[in-house]
Amino acid sequence: MEHSCALFLAEGAELQRRLDAERPRNHLDLRHRLDKHGKRYGKVIAYKLSELRAVELLDNLCDDTGDSNLMIRVTEEPLPADAAPANAGSATKRRALKVWARSKGDDSRLGDIGGRRPYGEEEKQQHKELTNFCSALVDRHEDEIIEALQNDDFGTEQGVAPVLCERIAKRCKEDEVASIEERLEAIIERRKQVLIPPEATFSSAEAEEGAKVQSQEGSHETVAAHGGEGSSEPMPEGEAAAAALREDSDKKVEL
Numbered sequence: 012m013e014h015s016c017a018l019f020l021a022e023g024a025e026l027q028r029r030l031d032a033e034r035p036r037n038h039l040d041l042r043h044r045l046d047k048h049g050k051r052y053g054k055v056i057a058y059k060l061s062e063l064r065a066v067e068l069l070d071n072l073c074d075d076t077g078d079s080n081l082m083i084r085v086t087e088e089p090l091p092a093d094a095a096p097a098n099a100g101s102a103t104k105r106r107a108l109k110v111w112a113r114s115k116g117d118d119s120r121l122g123d124i125g126g127r128r129p130y131g132e133e134e135k136q137q138h139k140e141l142t143n144f145c146s147a148l149v150d151r152h153e154d155e156i157i158e159a160l161q162n163d164d165f166g167t168e169q170g171v172a173p174v175l176c177e178r179i180a181k182r183c184k185e186d187e188v189a190s191i192e193e194r195l196e197a198i199i200e201r202r203k204q205v206l207i208p209p210e211a212t213f214s215s216a217e218a219e220e221g222a223k224v225q226s227q228e229g230s231h232e233t234v235a236a237h238g239g240e241g242s243s244e245p246m247p248e249g250e251a252a253a254a255a256l257r258e259d260s261d262k263k264v265e266l
């Protein structure tokens, strides 16, 4: 399995999901000894900064990470002003975005992102490889991850991904996480416009396809992604976006 930024983002997304689901906990009272006056003494540690919390957050992390699947989406981006279009009259290019998305449970994001979910042996193989990769990542960087949790380094607005992928594992380039997340949000927004257009004038075939996609896919949160170059063919606007989604969902995903 390629050790791309996408894989580290998958681990970061699962850890972020656990952090977001945390509930307040009482401080850890370690005052178990008595002094000569019969008073307890020792430390009282904030649970949020304790090693116990870090260990509990990492416990079985890789088992849950295995509930993600690899999908491929396509984005259309404008060419730089000084770039020569590959095709006459083209002002945009298409790029593939590899996405590891949680595909099981109430917080599946398949509906948000779209794409083909693998089944059978292909799905099992993806889960196995991602779980093994996660285990290797945690083993190698466990001390650094625990230290980051105790120092609340993941508690910023950017969350887990930049710290884990860019600083600790050093598998994503600087600002690559932010760039990927921006592209992913653009995909999700475009998909919403296709499936639920504000003032739609879809043909009957497009409306039927949109309803079919909505009924087959769930929605919620937690995503990890990695960008790659695709073809430079121009992509039409408007109703052709629905056709692009259908084309993407038929592509076979390869690791």
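Quick note: the sequence shown uses this note's numbering, first residue 12, plus one each step.
Just so you know, even glycine gets a beta-carbon here, dropped at the ideal spot from N, CA and C.
Item                                                                                                         : Value
Cα-Cα separation, ILE56 to CYS73                                                                             : 28 angstroms
Same chain, Cβ closer than 8 angstroms to SER146, neighbours up to 5 away in sequence not counted            : CYS73
Where GLY131 falls, given that 16 or more other Cβ within 10 Å makes a residue buried                        : exposed
Buried versus exposed call for VAL188 [16 or more other C-beta atoms within 10 Å across all chains shown]    : buried
Supposed close pair ALA65, GLN137 - CB separation, criterion 8 angstroms                                     : Not really, about 28 angstroms apart at Cβ, beyond 8 angstroms.
Beta-carbon spacing of TYR23, ALA172 below 8 angstroms                                                       : The residue you asked about is not Tyr; residue 23 is Gly in the sequence shown. In this structure, ALA172 lies closer than 8 angstroms to GLY23 by Cβ.
Which of helix, strand or coil DSSP assigns to SER15                                                         : coil
Buried or exposed (CB count within 10 angstroms, at least 16 for buried), ALA17                              : buried
Coil, strand or helix - ARG28 by DSSP                                                                        : helix
SER190, buried or exposed, once every other Cβ within 10 Å from all chains shown has been counted against 16 : exposed
Rounded C-alpha distance that separates PHE19 from THR76                                                     : 11 angstroms
SER15 versus GLU193, GLU177, GLY166 and LYS47, residue with shortest Cα-Cα distance                          : GLU177
Local conformation of PRO245 per DSSP, three classes                                                         : Confidence in PRO245 is poor, its pLDDT being 44 and thus under 50, which makes the residue's placement unreliable; the coordinate value appears in the next sentence. Looking at PRO245 - three-state DSSP - the assignment turns out to be coil, as it is neither helix nor strand.
Where ALA32 falls, given that 16 or more other Cβ within 10 Å makes a residue buried                         : exposed
Alpha-carbon spacing of ALA21 relative to ASP154, whole angstroms                                            : 19 angstroms
Alpha carbon of LEU68 to alpha carbon of LEU26, nearest angstrom                                             : 7 angstroms
Which of helix, strand or coil DSSP assigns to ARG51                                                         : strand
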